[in-house]
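Undergrad:
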Amino acid sequence: MEIREDDGHIRTGTVWTATAHAVTAVIGSGVLALPWSVAQMGWIFGPIALAIFAFITYYTSLLLSDCYRSPDPVLGKRNYTYMGAVKALSIQRTNCFHEKGNDPRCGELSGNKFLLIFGVIEVLLSQLPNLEKVTMLSVMAAIMSFAYSLIALFLSIVKFASQPEFRGSLTGGKIGTNGISPSTKVWNASQALGNIAFAYTYALLLIEIQVPQICSNSYENIYLIHFAYLNSLVGTENSHVISYILKDTLKSPPSENKTMKKASMYGLGATTVFYVSLGLMGYVAFGNDVPGNILTAFREPFWLIDAANLAVVIHLIGAYQVYSQPIFGFYENWLSTRWPSAGFFHNLYTLKIPFIANSFGLEFTPSKLLLRTAFVLITTLVAMMFPFFNAVLGLIGAIAFWPLTVHFPVSMYISQANIKRGSSKWFILQSLSMVSLLVSLIAAVGSIADIVQHLKHAKLFHITL
1 MEIREDDGHI RTGTVWTATA HAVTAVIGSG VLALPWSVAQ MGWIFGPIAL AIFAFITYYT
61 SLLLSDCYRS PDPVLGKRNY TYMGAVKALS IQRTNCFHEK GNDPRCGELS GNKFLLIFGV
121 IEVLLSQLPN LEKVTMLSVM AAIMSFAYSL IALFLSIVKF ASQPEFRGSL TGGKIGTNGI
181 SPSTKVWNAS QALGNIAFAY TYALLLIEIQ VPQICSNSYE NIYLIHFAYL NSLVGTENSH
241 VISYILKDTL KSPPSENKTM KKASMYGLGA TTVFYVSLGL MGYVAFGNDV PGNILTAFRE
301 PFWLIDAANL AVVIHLIGAY QVYSQPIFGF YENWLSTRWP SAGFFHNLYT LKIPFIANSF
361 GLEFTPSKLL LRTAFVLITT LVAMMFPFFN AVLGLIGAIA FWPLTVHFPV SMYISQANIK
421 RGSSKWFILQ SLSMVSLLVS LIAAVGSIAD IVQHLKHAKL FHITL
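Per the UniProt record's numbering, the very first residue in the sequence shown carries number 1; after that it's consecutive.
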C-alpha cells in the first residue's frame with residue numbers, strides 16, 4: 001500500500017532502489033583511471049589512499065543519513081555528458097586499431113558526433129518528471145557499471161597471467177634520467193589524489209532539500225547545486241548529497257536514515273571492492289606504464305573492449321539523469337515559486353506516447369521543455385570544448401570532495417546533533433574536515449598544473465583519449 005508522507009508526497013523507494021541509484025552515481029568511468037592513480041603513488045601510498053578515501057566517504061555518509069529529518073533523525077520533519085561520448089569514440093578507436101593495426105590516425109578521430117548523439121538522448125530523457133521515474137534506468141546503469149568494471153578487471157588479470165611479473169614500484173614513477181622530473185612526480189601524485197577523490201565523492205545530488213533548521217539561507221543550497229552542475233558537465237560519478245536526495249524517494253517505515261545507512265554500506269562496499277581490485281590489478285599488469293584509461297591499454301579482443309565501452313555509454317546515460325534531475329527540480333521549484341501566476345511555469349500539458357498504454361502520458365510545462373533542453377545543450381557544448389578531460393576531471397574531484405563529501409555532511413551533523421563547540425567530538429569532526437580540505441587543495445594544485453601543461457597543445461572541440 002502506498003503511504004502519503006508528511007509533505008503529501010508518495011514515496012516508494014527501498015534500500016535496493018537507493019543502492020542502485022548510489023552505485024550508478026558512485027561507480028562510473030572514473031574507476032578506469034584508478035590504476036593510473038595508484039601508479040603515481042606506488043604500492044605503499046596507492047592502496048592507503050584508496051582505503052582512506054573510502055573510510056572518509058562512508059563515515060560522512062553515515063553522518064548525513066541522520067540529517068534528513070529534524071530535530072529527530074527518525075521522527076522529525078522532513079527537511080549528477082562528456083564521458084559517454086568519449087566511450088563511444090573509444091569503440092570507434094578500438095575498431096580502427098583492429099582493422100588497421102597501430103595506425104596513428106586511429107588516435108585522431110573526432111568525437112563531436114558522438115557528443116551530439118549523447119546530447120539528443122539526454123534531451124529526451126530529461127523530460128522524465130523526477131529521480132523516482134528513472135529507477136529502471138538507474139538499475140540498468142548500475143548493471144552496466146559492474147559490467148565494464150568486471151571486463152577491465154578480467155582483461156587486467158589475463159594480461160598479468162600471460163606475463164606473470166610483478167610490476168610497479170613502492171613509491172610510483174621513478175625520478176631520474178630515465179624517469180620523470182621531481183616536479184612532474186609531485187604534480188602527478190597530486191592529480192592522482194584528485195582522481196581518487198573524484199571517484200569517491202559520494203555527495204553531489206541535491207533535489208528538493210529543504211533544511212531551514214540547518215542551512216541558514218538558500219544560498220548554501222544554490223552553492224551546492226552549482227557543484228552538481230559542474231559534475232553534470234562531465235558526467236561525474238560523484239554523489240554525498242545523493243544520500244540526501246535518495247532519502248527523499250524512500251518510503252517509511254523503516255526510517256529513512258536506517259535505510260540510507262544500509263544503502264550507503266552496500267553501495268560503498270561494492271564500490272570499494274571494485275576500486276581496490278581494479279586499481280591494484282591494473283597496476284600490477286602494466287606497472288608505471290599504465291595509461292590514464294585502463295581500457296585503452298588493450299587492443300584485443302576488440303569485441304570485448306567495445307562491449308566495455310558500450311557499457312560505459314549506457315551507464316553514463318543513466319548517471320547524467322541521476323545528477324541532472326535534482327538540478328531540474330531545484331530550479332523549477334524556485335522559478336515556479338518566484339512567478340506563481342506565470343503560465344510558462346505552471347501550465348501543464350500531456351503528451352500521449354504512441355503504442356504505450358492509454359494511461360501513460362508525459363506531462364510537462366513549457367519551462368520544463370525549454371529549460372531542461374537548454375541545460376542539456378549547454379552541458380553538451382561545454383563538453384565539446386574541453387579536449388583534455390582527465391585533467392579537468394581531477395580538478396573537479398579536488399574542488400568537490402571537501403565541500404560536498406566532508407564539510408557539508410559534517411556541518412549538518414554538528415547542527416543536527418547540537419554538538420557543542422570545543423567538545424572532543426566537535427574537534428574530531430573539524431579536524432577531519434581540515435585534513436580533507438588540505439588534501440583537496442593539494443589535488444587541485446596538481447590538476448591545475450596538468451591543465452596548464454595541456455593548454456600548450458590544446459585543440460578546441462577535439463577529444464584526446
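C-beta: ideal position from N, C-alpha, C; glycine also.
(1) Return the CA-CA distance between A285 and L32, expressed in angstroms with no decimal places.
(2) DSSP three-state call for K352: helix, strand or coil?
(3) Could you give the distance in angstroms between the alpha-carbon of S411 and the alpha-carbon of I314?
(4) Leaving out the 5 sequence neighbours to the left and right, which residues in its chain are closer than 7 Å to K456 when beta-carbon positions are compared?
(5) Smallest Cα separation from S367: which of G30, L348, H407?
(6) Once DSSP output is grouped into helix, strand and coil, what is the label at E165?
(7) If A319 and L395 are in contact, beta carbons under 8 Å, what's the gap, nearest whole angstrom?
(8) Looking at the unbroken alpha helix (DSSP H) that takes in E300, where does it start and where does it end?
(9) When you compare only the Cα positions, how much space is there between L116 and W36?
(10) State the start and end residues of the unbroken alpha helix (DSSP H) segment that holds T373.
(11) Taking the alpha carbon of I399 as the reference point, which residue from N195, A152, K159 has its own alpha carbon closest?
(12) Report, in whole angstroms, the separation of the C-beta atoms of A39 and G173, which I expect to be a contact under 8 Å.
(13) With distance defined between alpha-carbon atoms, name the residue in V120, L64, L125 nearest to Y323.
(14) How long is the line joining the alpha carbons of A228 and E165, rounded to whole angstroms?
(15) Can you grab the Cα-Cα spacing for the pair D450 / F344, in whole Å?
(16) Which residue's Cα is closest to the Cα of Q321: M136, S61, F55, F45?
(17) Are the beta-carbon atoms belonging to S149 and F274 less than 8 Å from one another?
(18) If you measure between the beta carbons of L34 and A199, is that distance less than 8 Å?
(19) Report the rounded CA-to-CA distance for L128 versus Q416, giving the unit in angstroms.
(20) Rounded to the nearest angstrom, what separates V123 and V382 at their Cα positions?
(21) Out of M434, S341, T171, G292, state which residue places its alpha-carbon closest to the alpha-carbon of P47.
(22) Under 8 Å, do A311 and M144 count as touching if we go by C-beta distance?
(23) Identify whether L395 lies in helix, strand or coil by the three-state DSSP scheme.
(24) At what residues does the alpha helix (DSSP H) containing D450 begin and finish?
(25) Quick one: residues in its chain with C-beta nearer than 8 Å to the C-beta of H346, no 5 flanking neighbours on either side, listed in chain order?
(26) Hey, quick one: how far does the alpha helix (DSSP H) through S411 stretch, first residue to last?
(27) In or out: F401 buried (at least 16 other Cβ within 10 Å) or exposed?
(28) Let me make sure I understand the geometry here. Which of Q191, L155, P403 has the alpha-carbon closest to that of Y283?
(29) On the criterion of 16 or more Cβ atoms from any shown chain inside 10 Å, does W187 qualify as buried, or is it exposed?
(30) Would DSSP call L362 helix, strand or coil?
TA: The structure says:
(1) 14 Å
(2) strand
(3) 35 Å
(4) none
(5) L348
(6) coil
(7) The pair is not a contact, with the Cβ atoms about 19 Å apart (cut-off 8 Å).
(8) No alpha helix (DSSP H) contains E300, which DSSP labels as neither H nor E.
(9) 29 Å
(10) 366 to 385
(11) N195
(12) 7 Å
(13) When each option's Cα is compared against that of Y323, the closest is L125.
(14) Because the pLDDT of A228 is 46, which lies under 50, any placement of that residue in the model is unreliable, and the number read from its coordinates should be weighed accordingly. One C-alpha to the other measures close to 42 Å.
(15) Between D450 and F344, the C-alpha separation is close to 45 Å.
(16) M136
(17) In contact: S149 and F274 (Cβ atoms closer than 8 Å).
(18) yes
(19) 33 Å
(20) 15 Å
(21) T171
(22) yes
(23) helix
(24) 424 to 455
(25) S336, P340, T365
(26) Segment 408 to 416, the alpha helix (DSSP H) holding S411.
(27) buried
(28) It is L155 whose Cα lies nearest to the Cα of Y283.
(29) buried
(30) strand
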